Amino acid sequence: MAALIAIGLTGILHPLSFPPFDLGWLAWIVLVPLQFFLTDLPPKRALWYGWLAGTVAFAGTVTWVITAMHQYGQVPIVVSAGLMLLLATYLGLYMGIYALGYATFQRTFPKLLWLGAPALWVTLEFVRTYALSGFPWALLGYSQYQWLSVIQFADVTGVYGVSFLIVMGNVALTSLLLWIYGKTRGLALPGPWVSMASFGCALSLVLAYGTWRVQEQADLDASAHTLSIGVVQANIDQAVKWNEAYRDETLRRYTSLSQEAGKNTD
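Count along the sequence shown starting at 1, add 164, and that's the number in this note's numbering.
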């Protein structure tokens with residue numbers, strides 16, 4: 165039962181962290197249920213539970229694939245749903261490998277877990293982005309797009325740096341909860357202080373840099389000369405966008421919209 169709860173919580177929190185739910189703050193705790201349960205688990209079982217959690221998580225996150233295949237690829241809806249589940253099963257394997265690595269690190273190098281776990285996570289995200297033609301969607305760092313001060317350092321590290329920081333937070337919180345759990349039961353579990361201090365320092369630096377960058381851009385905008393420009397979106401149906409028979413109609417629509425937009429621009 166505990167395994168199902170941990171798998172279910174991580175599986176539910178993951179899609180809630182992304183659009184359309186946009187509860188990005190949940191990303192900072194999404195791995196905690198799974199990681200808490202992984203404590204002292206054999207590596208093979210950790211892989212299995214992580215795979216299940218990942219499959220549930222991605223099944224809720226990439227449902228848009230069904231619409232893309234059905235609406236634009238004319239794939240039957242049932243087949244589209246089945247293919248989406250196969251994709252989620254594949255993507256879930258990455259979380260399974262992470263769970264295996266997390267459990268192994270916790271057993272062999274517990275003092276380096278705060279660094280090893282985030283490094284493994286972003287390595288797997290990088291592989292997922294490019295392997296088998298790549299699937300660069302739903303990287304954990306993308307969940308923070310609304311938090312401008314948090315994501316500014318992506319201009320240095322890319323989205324992977326944001327993912328690294330998020331997993332650091334998950335590891336620190338898991339370590340704290342495990343320590344509290346151990347104290348209540350008289351268990352001598354490692355203290356969370358290194359993990360928490362490392363995350364606290366990293367987050368402070370990120371927020372300081374982010375605040376400076378946001379303010380720098382605000383100052384630049386305030387002193388910049390402005391121009392009125394026009395942008396047109398013809399909203400061409402993807403099913404006919406590249407159809408030669410619709411070319412003249414597409415050009416006519418863009419020409420008309422451009423002329424209209426140009427009336428109120430510099």
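Note that the Cβ used here is the ideal one computed from N, Cα and C, for glycine as well. Please read all numbers here as calculations on a predicted model, not as lab measurements.
task = State the DSSP-derived secondary structure class of Val-196, mapped to helix, strand or coil.
result = Along the sequence shown, read from residue 1 onward, the residue named residue 196 stands at position 32. In the structure shown, Val-196 sits in a helix (DSSP, three-state: H, G or I).
request  = Pull up the distance between the alpha-carbon of Gly-175 and that of Leu-190, whole angstroms please.
outcome  = In the sequence shown, the residue the question calls residue 175 occupies position 11. In the sequence shown, the residue the question calls residue 190 occupies position 26. Their backbone Cα atoms lie some 12 Å apart in a straight line.
inquiry  = Quick check on the burial criterion: 16 or more other C-beta atoms within 10 angstroms. Buried or exposed for Ile-393?
reply    = Along the sequence shown, one-based indexing puts residue 393 at 229. Ile-393 should be labelled exposed.
request  = Please determine, among Gly-333, Ala-352 and Ile-315, the residue with the shortest C-alpha to C-alpha distance to Val-326.
outcome  = Indexing the sequence shown from 1 puts residue 326 at position 162. Of the candidates Gly-333, Ala-352 and Ile-315, the one whose C-alpha sits nearest the C-alpha of Val-326 is Ile-315.
query = How should Val-331 be labelled, buried or exposed, when 16 other C-beta atoms within 10 angstroms of its C-beta is the threshold for buried?
reply = As a working mapping, residue 331 is identified with position 167 in the sequence shown. That one is buried.
request  = Determine the closest residue to Met-248 out of Thr-231, Leu-264, Tyr-236 and Ala-263, with distance taken between C-alpha atoms.
outcome  = Counting from one through the sequence shown, the residue named residue 248 turns up at place 84. Out of Thr-231, Leu-264, Tyr-236 and Ala-263, Thr-231 has the C-alpha closest to the C-alpha of Met-248.
ask   = Within this structure, are the beta carbons of Gly-374 and Leu-312 separated by less than 8 Å?
value = Residue mapping note: residue 374 aligns to position 210 of the sequence shown, counting from 1. Residue mapping note: residue 312 aligns to position 148 of the sequence shown, counting from 1. Yes, they are a contact pair.
task = Compute every distance between the C-beta of Arg-377 and the non-hydrogen atoms of the ligand PLP, then say whether any falls below 7 Å.
result = This structure does not include the ligand PLP; it has no bound ligands of any sort.
inquiry  = Report the CB separation of Val-335 from Gln-199 in whole angstroms; it is logged as a contact under 8 Å.
reply    = Stepping through the sequence shown from its first residue, residue 335 is reached at position 171. Stepping through the sequence shown from its first residue, residue 199 is reached at position 35. Between Gln-199 and Val-335 the Cβ distance is about 7 Å, and since that is below 8 Å, they are a contact.
key: Phe-269 vs Gly-256 beta-carbon contact at 8 Å   = On the sequence shown, residue 269 is found 105 positions in, with the first residue counted as 1. On the sequence shown, residue 256 is found 92 positions in, with the first residue counted as 1. No.
ask   = Any idea if Arg-411 is buried or exposed, counting beta-carbon neighbours within 10 angstroms, 16 or more meaning buried?
value = Position 247 of the sequence shown, counted from the start, is the residue given in the question as residue 411. Exposed, because fewer than 16 other Cβ atoms sit within 10 Å of the Cβ of Arg-411.
query = Distance, Cα to Cα, Thr-429 vs Leu-391?
reply = By one-based count along the sequence shown, residue 429 stands at place 265. By one-based count along the sequence shown, residue 391 stands at place 227. Going by the C-alpha atoms only, they are around 8 Å apart.
message = Using the Cβ count rule (16 or more neighbours within 10 Å means buried), how would you classify Gly-265?
response = Locating residue 265 in the sequence shown gives position 101, counting from the first residue. Answer is buried; the Cβ neighbour count reaches 16.
inquiry  = Output needed for Val-396: all residues of its chain with C-beta closer than 7 Å, excluding positions within five of it in sequence on either side, in chain order.
reply    = The residue you call residue 396 lines up with position 232 of the sequence shown. For Val-396, where only same-chain residues beyond five positions count, the Cβ hits under 7 Å are Tyr-418, Leu-421, Ser-422 and Ala-425.
ask   = Could you give the uninterrupted runs of the alpha helix (DSSP H) lying entirely in the stretch 169-247, keeping only those of 4 residues or more?
value = 196-202, 207-225 and 228-231
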